[in-house]
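One structure is given below, encoded as structure tokens.
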Amino acid sequence: MDNKTMLEGILWDLKSLGDLFLHGSIESGTKNIHKAFKDALNDILTLQNDLYTLMSDENMYTIEKVAETKITKVQNKFNPTLEEE
């Protein structure tokens, strides 16, 4: 297994844990449980950002830049009133 595949798997796991901790913090019944999930979520988000930065620096994770006109076109397609604002 190459590094990119392994790191993509780890990134996927971090994203999944982030979702789990987010819902745990939202649905927690006590302040102590809420704090535990919130702290865990913050830690996971930090790890996710660090891993993304590493992968991005190594050209393993690229994001395609989209022209502002294309974004506006899609926004207007789904909400034509945005153009009027």
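Numbering (my numbering), first residue to last: 37 to 121. For every residue, glycine included, the Cβ atom is placed at its ideal position computed from N, Cα and C.
Query	Result
Per-residue DSSP class, three states only, for Ala72	helix
Beta carbon of Leu58 nearer than 9 Å to that of Phe73	yes
Residue range of the unbroken alpha helix (DSSP H) whose run includes Val110	Glu104 to Phe114
Supposed contact pair Met96 and Lys51 - C-beta distance, whole angstroms, cut 8 Å	Actually they do not touch by this definition, with Cβ atoms about 16 Å apart.
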